[in-house]
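Undergrad:
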Amino acid sequence: MTSENKNRKKKVRVYLPLAIVIVAVLGIGWHYYKEYTHYIKTDDAYVDADKVAVSAKMMGRVEKMYVKEGDTVEKGTLLAELDSTDLVARKNQTEAAVEQAQTALIQAQAQYSYNKENLKVLKVNLQRSKDDFERGKTQFKGGVIPQEQFEHLQKAHEAASATYQAAQKQLQVAQSQIKSAKAAINTAKSQVGVIEASLDNTKLYAPISGVIAKRWLLQGDMAQPGQSVVTISNNHDYWITVYLEETSVGEIKDGQPAKFTIDAYPGVTFFGKIFYIGSNTASQFALIPPNNASGNFTKVTQRVPVKISIDKADNNEKISQFNLMAGMSSVIKIIRQ
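Residue numbers for the sequence shown follow the working numbering, so the first one is 2 and each next one is one higher.
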């Protein structure tokens, strides 16, 4: 073998690996260049859904719990009941008070009707006694009747007048009793209404259809007003929530297409569109919002919440066939336009 051939083979052994490395570097570089120029990419994303906390409206012990975590419920499903023993007793007592007040009203109305009719009779008697008295007075002055008879007519008239006045007062008393009975009925019925509303509040119903994502209390636990008993996740409408760096927000808009993967389904690419861009950075709603009033702070790139719809998958499967769950991790590529 000539020295020229040996040199050629030597060069091939040297430059071939180098060429392979260069091609690989260029390929990788081209891949990342394409990724950067064509997509806005982030892995700060996850599957999201509406979640509704079903809270107790009053204090009470959880008497019955009808659901467990993972159960699918329809809107209006009875989820739990608080102890209503005291409320039921109060309702029975108040309803009895309503019945008593109604009985008192019937009696007062009957007494009023009797007094009213009796007053008419007494008024006639009063007028008759007055006429007899006036006629007797004239006769007494004319010497027609003796003084004893005149005094008898006078006393009869005074007695009729006193009886009539007493009957008037009795009629007024009956009117007052009617008003009091009606007021007592209204008060008792109002109390029954309040108790019934409280009884309704002992029952917790599902405000939406979905899945019981979390059960915060168990049967026998004491619930406080406003305390979450269960949380329901809407399993009919999912989307991807992305926390995008603020430096990329100027490049996106509503309706911009995106593709993404979900860690639970490797190898499947999903497609969707931006339908929401946050009006505040995520840090504004943190438990401890940043306070830079002192001017002494470290600048950190903020992230803006963006929501992307889940429209379809590349294998033409229906989205409903995937067992999506809120919180699943995702990697997003928003297509630059």
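Think of the CB as a built atom: it goes at the ideal place given N, C-alpha and C, for glycine as much as any other residue.
Do the stretch 101-119 and the stretch 204-217 make contact, defined as three or more Cβ pairs closer than 8 Å?
TA: Taking 8 Å as the limit for Cβ pairs, the verdict is that the stretch 204-217 does not touch the stretch 101-119.
Undergrad: Output the boundary residues of the beta strand (DSSP E) element that contains asparagine 316.
TA: Run containing asparagine 316: none; DSSP gives neither H nor E here.
Undergrad: Under 8 Å between the Cβ atoms of aspartate 222 and phenylalanine 272?
TA: no
Undergrad: Label histidine 32 either buried or exposed according to how many other C-beta atoms from any shown protein chain fall within 10 Å of its C-beta, with 16 as the threshold for buried.
TA: Per-residue confidence for histidine 32 stands at a pLDDT of 49, beneath the threshold of 50, marking its modelled position as unreliable; the derived number appears in the next sentence. Exposed.
Undergrad: At 3 residues or longer, what runs of the beta strand (DSSP E) sit wholly inside the stretch 196-270?
TA: 204-206, 211-216, 229-246 and 258-263
Undergrad: Is it buried or exposed, leucine 106, if we count other Cβ atoms within 10 angstroms and call 16 or more buried?
TA: buried
Undergrad: I'd like to know if valine 230 contacts chain D, where contact means its C-beta is closer than 8 Å to some C-beta of that chain.
TA: Here chain D cannot be found, since the structure has a single protein chain.
Undergrad: For isoleucine 209, which residues of its own chain have a beta-carbon under 7 Å away from its beta-carbon, when the five flanking residues on both sides are left out?
TA: Val53, Lys76, Ile233 and Asn235
Undergrad: Give me, in chain order, the residues of the same chain whose beta-carbon lies closer than 7 Å to that of asparagine 119; leave out the 5 immediate sequence neighbours on both sides.
TA: Ala168
Undergrad: Leaving out five residues on either side along the sequence, give the residues of the same chain with a beta carbon under 6 Å from the beta carbon of lysine 260.
TA: Thr270, Phe272 and Lys334
Undergrad: Out of curiosity, what's the CA-to-CA distance linking isoleucine 186 and glutamine 173?
TA: 20 Å
Undergrad: So, for arginine 91: in the same chain, excluding its five sequence neighbours on each side, which residues have a beta-carbon less than 6 Å away from its beta-carbon?
TA: Ile196
Undergrad: Between the stretch 238-251 and the stretch 310-328, do at least 3 Cβ pairs fall closer than 8 Å?
TA: yes
Undergrad: Would you kindly check if the distance between the Cβ of threonine 282 and the Cβ of alanine 189 is under 8 Å?
TA: no
Undergrad: Just mark tyrosine 277 as buried or exposed, buried being the case when its beta carbon has 16 or more other beta carbons within 10 Å.
TA: exposed
Undergrad: Could you pull the DSSP bridge partners for phenylalanine 272 from this structure?
TA: Lys260 and Lys313
Undergrad: Please report the straight-line C-alpha distance between asparagine 316 and tyrosine 40, rounded to a whole angstrom.
TA: Approximately 22 Å, taken between the alpha carbons.
Undergrad: DSSP three-state call for arginine 304: helix, strand or coil?
TA: strand
Undergrad: By the 10 Å Cβ neighbour count, where 16 or more other Cβ atoms means buried, how is aspartate 49 classified, buried or exposed?
TA: Sixteen is the threshold: when 16 or more other Cβ atoms of the shown chains lie within 10 Å of the Cβ of aspartate 49, as they do, the residue is buried.
Undergrad: Alpha carbon to alpha carbon, how far is tyrosine 115 from alanine 57? Give it in angstroms, no decimals.
TA: 53 Å
Undergrad: Where leucine 154 and phenylalanine 134 are concerned, what is the direct C-alpha to C-alpha distance, given to the nearest angstrom?
TA: Rounded to the nearest angstrom, the two C-alpha atoms are 5 Å apart.
Undergrad: Return the CA-CA distance between lysine 215 and valine 231, expressed in angstroms with no decimal places.
TA: 6 Å
Undergrad: Start and end of the beta strand (DSSP E) containing valine 145?
TA: First-last for valine 145: undefined, no H or E at that position.
Undergrad: Under DSSP, the beta strand (DSSP E) around lysine 334 begins and ends at which residues?
TA: 330-336
Undergrad: Applying the 10 Å Cβ sphere with the 16-neighbour rule, what's the burial state of alanine 161?
TA: buried
Undergrad: Are the CB atoms of glutamine 150 and glycine 137 within a distance shorter than 8 Å?
TA: yes
Undergrad: So, are the CB atoms of alanine 1 and serine 130 less than 8 Å apart?
TA: What the structure shows of the chain is the stretch from 2 to 338, and residue 1 is not part of that stretch, so it cannot be assessed.
Undergrad: Shortest alpha-carbon distance to lysine 180 belongs to which of Gly61, Gln103 and Asp44?
TA: Gln103
Undergrad: Relative to the C-alpha of isoleucine 320, which candidate in Thr262, Gln285, Val307 and Gln303 has its C-alpha closest?
TA: Thr262
Undergrad: Between aspartate 45 and the rest of its own chain, which residues show a CB-CB distance below 6 Å, the 5 nearest in sequence each way excluded?
TA: For aspartate 45, where only same-chain residues beyond five positions count, the Cβ hits under 6 Å are Tyr244.
Undergrad: Which residues in the same chain have their Cβ closer than 7 Å to the Cβ of aspartate 84, if we skip the five residues on either side of it in sequence?
TA: Gly61, Arg62 and Glu64
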